[in-house]
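Line by line, the protein sequences give chains A and B. Under this note's numbering, the first residue of the first sequence carries the number -6, and numbering increases by one thereafter. Under this note's numbering, the first residue of the second sequence carries the number 136, and numbering increases by one thereafter. What follows is a short report on a single structure.
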Amino acid sequence: MNTNPDEATLALWLDDELTGKDLASFEAWASSQPEHMAAREETRRWRKLIASAIPSSEEPPYPEFFNSRIAHGIREQAPKPALIEPQPAIWKSWFMPMAACAGMVLTFWIGAKSQSQKFPVINVAGAPKAIPVQQIVYTPESGVNAELFASAHSSSMVIVLNGVAAIPDSMDFSATTYIPQEREFDSTAGNPSNPAEETH
Amino acid sequence: MQATRRTISFIALLWLILSAMAPAQDDPGKAKLGQVCVTVYYATDGDPAAAGAKAAKVSSLTESLLRSQPQLDFKNYRALGQDTQALLRSYESWAQPLKPSDEILIRFEARSLPTAKMMQLDLELWLSRKKILKTDARLEGNRPLFILGPEWRGGRLIVAVALAQNEKAGSK
């Protein structure tokens, strides 16, 4: 049978804080333990010594500071639980790009649709004809005048410039590469059906 | 963290691709209403070879059309250069028929919505970088505008402005 007291009871006995039956039974056991008796005497002696040095009415300096430092030290020495990064959901890896893609495509589609609604294609076939007015010919350069020769029945309109400075004969246009468009002379000649008659 | 980076990269790439595919967001003012062709002829009663070896003969139809106008009646004609530019809805265009020379330039812009066969333009003739003539031309498909211009090498230069009929009016 184990008759040894536990550590907590031993600590209370050393501090003279056991009372009643516990104290009586412990005293009975400790009387046969000279080393424990000596330890209690030593504890009592130190307690008296400390009590004589520090009056009981005086509080220890900065108790909150010391307590917080002690608590901090305990926290630092305590093993820290490993931080586990939450694994991103698998569906997020494809859903977010797909959602962004769909959003942008939708935005562009709406923009293109509103653009086309705002600026419809011009249907010139049904457009009202411009009101015919007197044609204006203006020559801002002094000494230059222009005459307009046009009638509703003529095949072309002609503006004759008078007083315009001659281009120097030294001016050379041979660097111009003359590549007539297929139907240019049609417009000029008034016969859009026969571009092949152009000769070079 | 890596999944977030992948997502951001994917969105950036998609944005670039969609930006490149955004012609629908173009400026509607750049819509083509048609095309205008500008040709410069050399007309002379003398030797047409003065225009240079590269000057091209003109067709008999063009020649007869030019001769039908008393103001443009010369013995010989040669084509010196030509330029075709789009007529835009909101912006001006410049034709440079004697490229690379800018001795003759035609600036034009739409004056009103064109009809199927006629376009009304604000048109300017620039010679030697000076504005010489400003007019409001009504161009029809078979009715060009001729401008009898400056003298050069014993003849006169004629600037012809016409609709280019290979472009459907109103197309973008």
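By construction, the Cβ of each residue, glycine as well, lies at the ideal position given by its N, Cα and C atoms.
### Query
Cβ atoms of V171(B) and A245(B): under 8 angstroms apart, would you say?
Cβ distance not < 8 angstroms, so A245(B) and V171(B) don't count as in contact.
### Query
Going by C-alpha distance, which of E69(A), V151(A) and N(-3)(A) is nearest Q26(A)?
Minimum Cα distance to Q26(A) is reached at N(-3)(A).
### Query
Which residues, in chain order, does the stretch 264 to 287 of chain B contribute to contact with chain A at a C-beta distance below 8 angstroms?
From the stretch 264 to 287 of chain B, only K265, K266, I267, L268, K269, T270, D271, A272, R273, G276, N277, R278, P279, L280, F281, I282, L283, G284, P285, E286 and W287 have a Cβ closer than 8 angstroms to chain A.
### Query
Are the CB atoms of I241(B) and V173(B) nearer to each other than 8 angstroms?
In terms of Cβ geometry, I241(B) and V173(B) form a close pair [threshold 8 angstroms].
### Message
Between the stretch 173 to 189 of chain B and the stretch 256 to 268 of chain B, can you find at least three pairs of beta-carbon atoms closer than 8 angstroms?
### Response
No, they do not touch.
#### Entry: Within-8 angstroms CB hit, P218(A) to chain B
As displayed, chain A neither begins before -6 nor continues past 193, which places residue 218(A) out of reach and without an answer.
### Message
Can you tell me where the alpha helix (DSSP H) holding N60(A) begins and where it ends?
### Response
Note, N60(A): alpha helix (DSSP H), P56 to Q70.
### Task
Using a cut-off of 7 angstroms between C-beta atoms, extract the partners of Q80(A) located in chain B.
Chain B residues near Q80(A): none, gap ~10 angstroms exceeds 7 angstroms.
### Task
Measure the C-alpha to C-alpha separation of W84(A) and T219(B) and round it to an integer number of angstroms.
Cα-Cα distance, rounded: 57 angstroms.
### Message
Please report the distance separating the alpha-carbon of S203(B) from that of S225(B).
### Response
Whole-angstrom Cα-Cα distance: 36 angstroms.
### Query
Closest Cβ-Cβ distance between F243(B) and chain A: below 8 angstroms?
Chain A, which has no Cβ nearer than 8 angstroms to the Cβ of F243(B), makes this no.
### Task
Between the Cα of L107(B) and those of G276(B), E227(B) and P205(B), spot the shortest distance and give me the residue it belongs to.
Because residue 107(B) is not part of the residues shown, which for chain B are 136 to 307, the question remains open.
### Query
When DSSP labels each residue in this structure, what does M253(B) get in the three-state scheme?
In this structure, M253(B) counts as strand in the three-state DSSP scheme.
### Message
Let's see if you can read the secondary structure: which residues bound the beta strand (DSSP E) around E227(B)?
### Response
For E227(B), there is no enclosing beta strand (DSSP E), as DSSP gives it neither H nor E.
### Cutoff 8 angstroms; reference E238(B); Cβ partners in own chain excluding five residues on either side
The beta carbon of E238(B) is closer than 8 angstroms to those of L262 and S263 in its chain, skipping five residues each way along the sequence.
### Query
Any idea if T100(A) is buried or exposed, counting beta-carbon neighbours within 10 angstroms, 16 or more meaning buried?
Label assigned to T100(A): exposed.
### Query
Given a threshold of 16 other Cβ atoms within 10 Å of its Cβ, counted over all protein chains shown, does A159(B) qualify as buried or as exposed?
The predicted position of A159(B) is uncertain, since its pLDDT is 48 and thus under 50; a value taken from the coordinates is nonetheless stated next. Counting C-beta atoms within 10 angstroms of its own C-beta, A159(B) has fewer than 16 neighbours from the protein chains shown and is therefore classed as exposed.
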